[in-house]
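Enquirer: First residue of the sequence shown: 2, per the working numbering; consecutive thereafter.
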Amino acid sequence: MIRIHSFTPSTLGLGKVVGLATPTVNASAARFRFFATASGRGSTKKTTPFKYSHPESKNPNATLSPSSIATSSPAAATAATSAATTGSWTAKRAAAGSAGSNTNFSRQLADMCSKQDVVFYTPPETLKKTFWLAYATAGLQLIFWGNIAQYAFTHYTDNPMFSATQPPPPPLPLPGTEGIEPVDVPLAPLRTRILISAGLIGTGLVIAFGICAIPWRYVTQLTLLRGGTQVRIETGRKFPTGYHRVYPIQDMQCRQQLLTNVGPQGTSPLKEGSSAHIMLGSKKERMAFFVDRRGSFKDTKLWDKVFYRPY
C-alpha cells in the first residue's frame with residue numbers, strides 16, 4: 002500500500018499530474034493534497050478524490066474530482082463568477098429600490114399630515130338624497146309590519162270554524178238594526194297572539210335594519226389625522242348622532258384598486274355595469290365600508306399606496 006499525503010509543487014503543476022492544462026493559479030500559493038490508495042487484487046477499497054484549496058476560497062476542504070476539473074475552464078469560471086456577481090448586484094438594487102419607494106411613500110404621507118388633518122375623501126353630492134330615501138323606505142317597512150302585527154294581535158283566532166277554509170261569518174249589524182245578534186269571534190290565547198305579533202315585528206325590524214345598514218356603512222368623509230398614522234371614518238349614520246370612528250392606517254385594507262385610468266377622474270370601473278363602489282375594511286371588523294368611486298379623492302395614487310392590499 003502506497004499513500005502520498007501532501008506536497009507543494011514548485012514548477013510541477015496540477016496539469017502534469019492529471020494530464021490537463023496548467024491552471025492559472027500561482028503554483029507557489031496553491032496547496033494540493035492528493036490521497037491515493039493502491040491495493041492488491043481482491044481489495045474492496047475505493048480511491049478517494051483529491052482535495053484542492055485556493056487561498057481566496059472560503060471552504061478550504063472543498064472536494065473536486067478529476068472529471069469536474071477536466072470539464073471546467075477559466076472562461077467558464079469567469080462567466081459563472083460574473084453571472085453570480087450580476088445577480089447579487091441586481092438583488093441588492095431591487096431591495097434598495099423597494100426600501101427607497103417605501104421611504105418616499107412614508108415621507109409623502111408624513112409631509113401631507115404633518116401640520117393638520119387632511120380630508121382625503123368626500124362622496125358625491127347626490128348621496129344625501131339616497132340616504133334619506135333609504136331611511137324613508139325603512140320607516141315605511143316598520144309601519145307596514147307594525148300594522149300587520151297589531152291586526153294579528155286583535156283578530157287572530159285558532160277556531161277552525163273561522164279558518165280560511167270555512168266561509169266568513171256574517172257581517173256585524175249596522176247601528177239601529179234589530180233582530181240580529183252580533184257574532185262574537187273567539188280569539189286565540191294571549192300567548193299565541195303575542196308570539197305571532199312579536200314575530201311579525203321582528204321581521205319588520207330585520208328588513209329595516211338591512212336597509213339602514215347601507216347608509217350606516219357608507220363613508221361620507223375620510224380624514225387622515227395629523228401624523229399620518231390614523232384615519233377617521235364618518236358614515237351616513239345620523240340617528241341618534243353622527244357616526245365616526247378612528248382606525249390605525251395599518252389595519253385598513255382595500256381589495257379593489259382605485260386608480261383604473263378610466264373615466265373623467267380615472268377611478269371609474271374597468272367594466273361597464275360593474276359596481277361603482279370599493280370596499281374598505283378593517284382587520285378587526287367583519288363588515289367593510291362602502292366608498293363611492295365617483296367621489297372626490299385627495300390623491301388616487303396615494304390611496305392605493307395606503308389602503309390597496311390585494312392579498
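Glycine included, C-beta positions come from ideal geometry on N, C-alpha and C.
Among G229, H278, K129, K302, which has the Cα closest to the Cα of L260?
Expert: Nearest C-alpha to L260: K302.
Enquirer: Taking C-alpha atoms, which residue in Q257, M253, K272 lies nearest to S283?
Expert: It is M253.
Enquirer: Just verifying my parser: in three-state terms, what is the DSSP assignment at V120?
Expert: It is a strand residue.
Enquirer: For G282, which beta-bridge partners are listed by DSSP?
Expert: Beta-bridge pairing links G282 to Q254.
Enquirer: Can you tell me whether DSSP reads L141 as helix, strand or coil?
Expert: Three-state result, L141: helix.
Enquirer: Using a beta-carbon distance below 8 Å, is L259 in contact with chain C?
Expert: Here there is only one protein chain, and chain C is not present.
Enquirer: Restricting to Cα atoms, I'd like to know which of M288, R287, K285, V263 is closest to R294.
Expert: Taking only the C-alpha atoms, the option nearest R294 is V263.
Enquirer: Take L201 and list the residues in its own chain whose beta-carbon comes closer than 7 Å to its own, dropping the five residues that flank it on each side.
Expert: Here the set comprises W146, I149, A150, A153.
Enquirer: Excluding the 5 residues flanking Q258 on each side, which residues of the same chain have their C-beta closer than 7 Å to its C-beta?
Expert: For Q258, where only same-chain residues beyond five positions count, the Cβ hits under 7 Å are D305, Y309.
Enquirer: Spatial neighbours of S297 within its chain, please: CB distance less than 6 Å, with the 5 preceding and 5 following residues excluded, ordered by chain position.
Expert: If we look at S297 and ignore the five residues flanking it on each side, its Cβ neighbours are T123.
Enquirer: Closest by CA to P270, which one among T224, T127, V292, Q222?
Expert: Comparing Cα positions, the closest option is V292.
Enquirer: Can you tell me the Cα-Cα spacing of M136 and T236, whole angstroms?
Expert: The identity of residue 136 in the sequence shown is Tyr, whereas the question assumes Met. Rounded to whole angstroms, Y136 to T236 spans 14 Å at the Cα level.
Enquirer: Look at the alpha carbon of R287 and the alpha carbon of H156, and state the distance between them as a whole number of angstroms.
Expert: Whole-angstrom Cα-Cα distance: 42 Å.
Enquirer: Here's a check: name, in chain order, each residue in its chain whose Cβ is nearer than 6 Å to the Cβ of K299, leaving out the five neighbours to either side.
Expert: Hits under 6 Å: F121.
Enquirer: Taking T301 as part of the alpha helix (DSSP H), name the residues at either end of that continuous run.
Expert: Looking at the DSSP string, the run of the alpha helix (DSSP H) that includes T301 is 301 to 308.
Enquirer: My understanding is that R233 touches Q117, with C-beta atoms under 8 Å, so please give their C-beta distance in whole angstroms.
Expert: At roughly 13 Å, the Cβ-Cβ gap does not stay under 8 Å, so R233 and Q117 are not in contact.
Enquirer: Just to confirm the assignment, what range does the beta strand (DSSP E) spanning V207 have?
Expert: Unbroken run through V207 is the alpha helix (DSSP H), 191 to 217; no beta strand (DSSP E).
Enquirer: Just checking, does the stretch 215 to 229 make contact with the stretch 187 to 202 on the three C-beta pairs under 8 Å criterion?
Expert: No, they do not touch.
Enquirer: Cα-Cα, which of T221, I250, R238 is closest to T127?
Expert: It is T221 whose Cα lies nearest to the Cα of T127.
Enquirer: If contacts are defined as beta-carbon pairs under 8 Å, then T230 and I215 qualify, I think. What distance do you get, rounded to the angstrom?
Expert: About 29 Å separates the two Cβ atoms, so there is no contact after all.
Enquirer: Is it right to say A209 is buried, meaning 16 or more other beta carbons lie within 10 angstroms of its own, or is it exposed?
Expert: A209 comes out buried.
Enquirer: Tell me whether V307 is buried or exposed, calling it buried when 16 or more other Cβ atoms sit within 10 Å of its Cβ.
Expert: By the neighbour-count rule (16 or more Cβ atoms within 10 Å), V307 is buried.
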